[in-house]
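Its first residue numbered 0, the sequence shown is counted upward by one per residue in numbering that gives the first Met the number 0. For every residue, glycine included, the Cβ atom is placed at its ideal position computed from N, Cα and C. Report on one structure; see the data block that follows.
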Amino acid sequence: MSDAKAQRIEAEDVIRVHDDPGTIDAAAWDALLARQAQPTPFMQHRYLAALHASHSAVPETGWLPQFITVQRGGELIAAAPAYLKQHSYGEYVFDWAWAEAYQRHGLRYYPKLLVAVPFTPVPGSRLLAVDAASRALLASVLRALAQELEASSVHLLFHDAADGRAAAAAGWLSRHGVQFHWTAPDGAGPRSFEEFLATMQRDKRKKIQQERRKVADAGIVFSVHEGEAIDAALWAFFLRCYRLTYRAHHSTPYLTREFFDRMATTMAEHWVMFVARRGTTPVAVSLIAVDPERGHAFGRYWGCTEHVPCLHFEACYYQPLQWCIEHGYRRFEGGAQGEHKMARGLLPVGTGSSHWLAHPEFARAVDDFLRRESRGIADYVDELAEHTPFKAGPAVD
């Protein structure tokens, strides 16, 4: 199913597989994305293209683009960002145990076919389609492509409800996870961080106040920079801190300098930076992505040049939450994992992924595992709901 031999499913349908997202019409992709139930900035063509052009998500790093497009009568009716993977890094839905089980039985788990935004555990629409039938077609094309490429499986990560229904109808296995998000209550939400704190139980409110006081007592003050106001010097400081964070964990950064350069020039309006300073010296930074149209914000990256007690909480949660509240945003997503976020006002929210495995016996074994895992996740969310940090307890999604 290479681009050179586009397969026709119906007389007017042309399916292509692209090894470079830059070859796809950006306007057509983004117009299709805008029609979906849960679009995010990370699914925009310029974001995905930047990951490739900056050498962040490329074959050399284990990400071989296999983007799918379906055209009917010259119109883009379906599309998906797919990658042929030789590892499971940068995904945040963990299947290492599945790969080990394959290896123990003398089978290859890699390559696998992945539908996701690299390095970005943000839920949203993945199977872009004009209708349910086109979305179902994408699911069948992904399976056929995996078989042609001799991949062990297909994995659709952090998808929306419509994607999940299409995958389930195709017989794929469903997996559930949990993240922690702040969502403004229905009606009139808090108008300030102080009003937000007033909705919390006394012990949680006092803990947050104490943590913020520790940062202030250390002589730390923050400045906030939005969009094009994030200048080259700020981006350079951010990149330094970003790399230090990975170095502290004895790891290698996923994203290159060129990627962030492209974000500064092509998607500036989608970024807000919080810079911590002692006097005139910057000591820490956090970066969030924003969707101004929908009032959603997404915690992404942080780093520091020195340790200051509670600075991580201030930079990554309290400053972004305060900004979201003051700007009338409806949601702040704190990123992958992190039960500690709940004490800071971010409540558990379910996430979903779907999986097709070519090997029938392994598919049955994984299905059994996922059923048991799902029951455990449900029990975990029920337990968390009993420990809401809020007085009245906003509902858990």
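Going straight from the alpha carbon of residue 100 to that of residue 346, what length do you get?
As a first step, residue 100 must be located in the sequence shown, where it is residue number 101. As a first step, residue 346 must be located in the sequence shown, where it is residue number 347. One C-alpha to the other measures close to 34 Å.
Could I get the ranges of all uninterrupted alpha helix (DSSP H) runs contained in the region 174-244, with 4 residues as the minimum, in chain order?
192-197 and 201-216
Assuming residue 104 is part of the beta strand (DSSP E), what are its boundary residues?
As a position in the sequence shown, residue 104 is number 105, starting the count at 1. Note, residue 104: premise wrong, no beta strand (DSSP E); not H, not E.
Classify residue 159 as helix, strand or coil using the three-state DSSP reduction.
Locating residue 159 in the sequence shown gives position 160, where the first residue counts as 1. Three-state result, residue 159: coil.
Is the distance from the Cβ of residue 332 to the Cβ of residue 302 below 9 Å?
On the sequence shown, residue 332 is found 333 positions in, with the first residue counted as 1. On the sequence shown, residue 302 is found 303 positions in, with the first residue counted as 1. No. Outside cutoff.
In the structure shown, what three-state DSSP assignment does residue 341 receive?
Mapped onto the sequence shown, residue 341 falls at position 342. Three-state DSSP puts residue 341 in a helix.
Burial state of residue 313, where buried means 16 or more other Cβ atoms lie within 10 Å:
Stepping through the sequence shown from its first residue, residue 313 is reached at position 314. So residue 313 counts as buried.
What would DSSP say about residue 318, mapped onto helix, strand or coil?
Here residue 318 refers to the residue found at position 319 when the sequence shown is read from its first residue. Residue 318: helix per DSSP, three-state reduction.
For residue 113, tell me which candidate among 356, 378 and 261 has the shortest Cα-Cα distance.
Numbered from 1 along the sequence shown, position 114 holds the residue referred to as residue 113. If we check each option's Cα against that of residue 113, 356 comes out closest.
Residue 153 to residue 362, Cα distance in whole Å?
The residue you call residue 153 lines up with position 154 of the sequence shown. The residue you call residue 362 lines up with position 363 of the sequence shown. Rounded to the nearest angstrom, the two C-alpha atoms are 12 Å apart.
Candidates 19, 38 and 164, of which the one nearest residue 289 by Cα:
Position 290 of the sequence shown, counted from the start, is the residue given in the question as residue 289. Here the closest residue by C-alpha is 38.
Grouping DSSP H, G and I as helix and E and B as strand, with all else coil, what is residue 146?
As a position in the sequence shown, residue 146 is number 147, starting the count at 1. Looking at residue 146 - three-state DSSP - the assignment turns out to be helix.
Could you give the DSSP three-state label for residue 134: helix, strand or coil?
Numbered from 1 along the sequence shown, position 135 holds the residue referred to as residue 134. Here residue 134 sits in helix by DSSP.
Please report the residue range of the beta strand (DSSP E) in which residue 272 lies.
Walking along the sequence shown from the start, residue 272 turns up at place 273. Where residue 272 is concerned, the enclosing beta strand (DSSP E) stretches over 270-277.
Quick one: residues in its chain with C-beta nearer than 8 Å to the C-beta of residue 281, no 5 flanking neighbours on either side, listed in chain order?
In the sequence shown, counting from the first residue as 1, residue 281 sits at position 282. Contacts found: 236, 274, 275 and 304.
Keeping to the same chain, check which residues put their C-beta closer than 8 Å to that of residue 365; ignore five residues upstream and five downstream.
Locating residue 365 in the sequence shown gives position 366, counting from the first residue. 97, 172, 354 and 356.
Just list the residues that DSSP pairs residue 284 with in beta bridges.
Sequence index remark: in the sequence shown, residue 284 carries index 285 (1-based). According to DSSP, which records beta bridges pairwise, residue 284 is partnered with 274 and 302.
Could you tell me how far apart the beta carbons of residue 85 and residue 110 are, in whole angstroms, since I believe they sit closer than 8 Å?
Looking up residue 85 in the sequence shown gives position 86. Looking up residue 110 in the sequence shown gives position 111. Indeed, because the Cβ distance is near 6 Å, the residues count as touching under 8 Å.
Out of curiosity, what's the CA-to-CA distance linking residue 259 and residue 246?
Within the sequence shown, the letter at position 260 stands for residue 259. Within the sequence shown, the letter at position 247 stands for residue 246. Computed Cα separation, rounded: 18 Å.
Hey, out of 291, 323 and 286, whose CA is closest to residue 268's CA?
The sequence position of residue 268 within the sequence shown is 269, counting from 1. Comparing Cα positions, the closest option is 291.
Can you tell me which of 226, 287, 251 and 241 puts its alpha carbon nearest to the alpha carbon of residue 263?
The residue given as residue 263 occupies position 264 in the sequence shown. The shortest C-alpha separation from residue 263 is found at 226.
How is the beta strand (DSSP E) around residue 66 delimited, first residue to last?
Position 67 of the sequence shown, counting from 1, holds the residue named residue 66. First-last of the beta strand (DSSP E) with residue 66: 66-71.
Thinking C-beta only, is residue 349 closer than 9 Å to residue 158?
In the sequence shown, the residue the question calls residue 158 occupies position 159. In the sequence shown, the residue the question calls residue 349 occupies position 350. No; because the gap between Cβ atoms is not below 9 Å, this pair is not in contact.
My guess is that residue 214 and residue 320 are in contact by the Cβ rule of under 8 Å, so how many angstroms apart are they, rounded?
Reading the sequence shown from its first residue, position 215 is the one you call residue 214. Reading the sequence shown from its first residue, position 321 is the one you call residue 320. Wrong, their Cβ atoms sit about 14 Å apart, outside the cutoff.
May I ask which residues mark the beginning and end of the alpha helix (DSSP H) holding residue 361?
The residue labelled residue 361 in the question sits at position 362 within the sequence shown. First-last of the alpha helix (DSSP H) with residue 361: 359-384.
DSSP three-state label for residue 15, please.
Here the question's residue 15 lines up with position 16 in the sequence shown. Of the three classes helix, strand and coil, the one that applies to residue 15 here is strand, per DSSP.
For residue 69 and residue 133, believed in contact at Cβ under 8 Å, the rounded distance
As a working note, residue 133 is residue 134 in the sequence shown. As a working note, residue 69 is residue 70 in the sequence shown. That belief holds up - the Cβ atoms of residue 133 and residue 69 are roughly 7 Å apart, short of 8 Å.
Under 6 Å Cβ to Cβ from residue 115, same chain only, skipping five residues before and after it: list those, please.
One-based indexing of the sequence shown puts residue 115 at position 116. Excluding positions up to five away in sequence, the list reads 156.
Starting from residue 330, trace the beta strand (DSSP E) in both directions and tell me its first and last residue.
Mapped onto the sequence shown, residue 330 falls at position 331. Residue 330 -> beta strand (DSSP E) spans 330-335.
I need the boundaries of the alpha helix (DSSP H) containing residue 44, first residue and last residue.
What you label residue 44 is simply residue 45 of the sequence shown in a count that begins at 1. Note, residue 44: alpha helix (DSSP H), 44-52.
CA-CA distance, residue 79 and residue 147?
For the purposes of this step, residue 79 is identified with residue 80 of the sequence shown, where counting begins at 1. For the purposes of this step, residue 147 is identified with residue 148 of the sequence shown, where counting begins at 1. Their Cα atoms are separated by approximately 17 Å.
If you drop the 5 nearest sequence neighbours on each side, which residues of the same chain put their C-beta closer than 7 Å to that of residue 335?
Within the sequence shown, numbered from 1, the residue matching residue 335 stands at position 336. Contacts found: 91, 120 and 178.
Can you give me the C-alpha to C-alpha distance between residue 189 and residue 387, rounded to a whole angstrom?
The count along the sequence shown starts at 1 and reaches residue 189 at position 190. The count along the sequence shown starts at 1 and reaches residue 387 at position 388. Answer to the nearest angstrom: the Cα atoms are 17 Å apart.
Through-space distance from residue 373 to residue 185, alpha-carbon basis:
Position 186 of the sequence shown, counting from 1, holds the residue named residue 185. Position 374 of the sequence shown, counting from 1, holds the residue named residue 373. Each residue's Cα considered, the two are about 29 Å apart.
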